[in-house]
Amino acid sequence: MNNPIAPKAGFDWNRVCWSRPDSLPPRLCSYCSAGIPETTVPLILTSEQGFTARFCDDCMEKWWGMSTYPDPPEFGDF
Ligand SMILES: [Zn+2]
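Each residue of the sequence shown is one higher than the one before, starting from -1 at the first, in our numbering.
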């Protein structure tokens, strides 16, 4: 395994629900199954086999130590 980034201690890889490379990934967190809003840019991991997993804001912050950004302004209101 040669991941550029590693999750924090306690992360359970067995809980990660990988999406097949030939299927459209659902907009659900692959770890906690929370819905990921359209406005959120999820963290997406790709396995060596091409499977993908995505993480919601909470998991990004909790497991990957990534701080999330506040919602961008709504475009189109101007
Ligand atoms: Zn999550």
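Beta carbons are placed, not taken as given, at the ideal position from N, Cα and C, and that holds for glycine.
### Task
Consult DSSP for ARG25 and reduce its assignment to one of helix, strand or coil.
DSSP places ARG25 in coil when its eight states are reduced to three.
#### Entry: Strand pairing of GLY33, partner residues [DSSP]
GLY33 is bridged to LEU26.
### Message
Which residues end up in the neighbourhood of ligand 1 when you take C-beta atoms closer than 6 Å to any of its heavy atoms?
### Response
Qualifying residues come out as CYS27, TYR29, CYS30, ALA32, PHE53, CYS54, ASP56, CYS57.
### Query
Any idea if PRO40 is buried or exposed, counting beta-carbon neighbours within 10 angstroms, 16 or more meaning buried?
PRO40 comes out buried.
### Query
Using the C-alpha atoms, what's the distance from VAL14 back to SER31?
Cα to Cα, SER31 sits roughly 10 Å from VAL14.
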